[in-house]
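Residue numbers (my numbering): 13 to 226.
For glycine and all other residues, C-beta sits at the position ideal for the given N, C-alpha and C.
Remember, it's a predicted structure, so these values are computed and weren't measured experimentally.
Encoded as structure tokens, the structure appears first; notes follow it.
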Amino acid sequence: MTTIFIDTETSGLPKTRGWDDYYSYTDSAKYDSSRLVQICWIVCDGEEVKVKKTFTVRPEGFEISEQVTKIHGITHEHACLNGDSLDSVLKELEADIKANNIRRLVAHNVRFDFNIVMSELHRQKMLGAADMMGSMKLKCTMSASKDVCRIPSKWNPKQFKSPSLKELYEFLHPGETFELKHRADWDTEHCMKCYFALRKLALNAECDEDQHKK
13 MTTIFIDTET SGLPKTRGWD DYYSYTDSAK YDSSRLVQIC WIVCDGEEVK VKKTFTVRPE
73 GFEISEQVTK IHGITHEHAC LNGDSLDSVL KELEADIKAN NIRRLVAHNV RFDFNIVMSE
133 LHRQKMLGAA DMMGSMKLKC TMSASKDVCR IPSKWNPKQF KSPSLKELYE FLHPGETFEL
193 KHRADWDTEH CMKCYFALRK LALNAECDED QHKK
């Protein structure tokens, strides 16, 4: 099965009903605070990388605040000067999905990235691309690895927290250090490595995340 790995950097966080309880991506107002700033996707046939693309999106109708820039390093000025239009980026994504017959989408905290991309597709009225993404099987390396890393929650030590990508990568790759960059291409590549490592541990079945249509 052909797989696409995705990571996004945004202008902030969307409005939610609560933790991990997202409004429909069709409710654009709830995502006005979380516009797409950078995206990377990697398409794999098995473990062979077929496509890898990274884009910074030119902000149109929103600002990249200094506070958010401190997280991912992308300034509003840089994105305006060097970014691609949202329409062209999403059409590139749509073309790669069509060309590779992608059936599975993987991300670390997949519901976040899924809803961000879907909200932007909906804004652009790219309903065909949204239908293709909506039909994909979603896999989440974050939810799959909670019982693998077994990191106690600081709120309830009797429960395990959802591991960050750094925590998961370093658990699966002893002796290696994951540098926090908050860069879409870096995070996508390391999410991919974690997913394949989880599969080798025969834990891939636990990566299923079927809440993307809520």
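| query | result |
| --- | --- |
| C161 beta carbon less than 9 Å from that of H257 | This structure cannot settle anything about residue 257, because the visible part of the chain is limited to 13 through 226. |
| Supposed contact pair I86 and E132 - C-beta distance, whole angstroms, cut 8 Å | Not quite, the Cβ-Cβ distance comes to about 16 Å (not below 8 Å), so this is no contact. |
| C-alpha distance - R123 paired with D32, whole-angstrom precision | 8 Å |
| Opposing strand residues paired with L19 [DSSP bridges] | The question names Leu, yet the displayed sequence has Asp at residue 19. In the DSSP output, where bridge partners are listed per residue, D19 has C52. |
| Same chain only: Cβ atoms within 6 Å of Q171, ignoring 5 sequence neighbours per side | S165 |
| Range covered by the alpha helix (DSSP H) that runs through V129 | 122–135 |
| When M154, P26, D99 are compared against M204, the one with the closest alpha-carbon | M154 |
| CB of I83 within 9 Å of CB of V55, strictly | no |
| T87, enclosing beta strand (DSSP E) - first and last residue | Counting along the chain, T87 falls outside any beta strand (DSSP E), and DSSP gives it neither H nor E. |
| Three-state class that DSSP yields for Y207 in the structure shown | helix |
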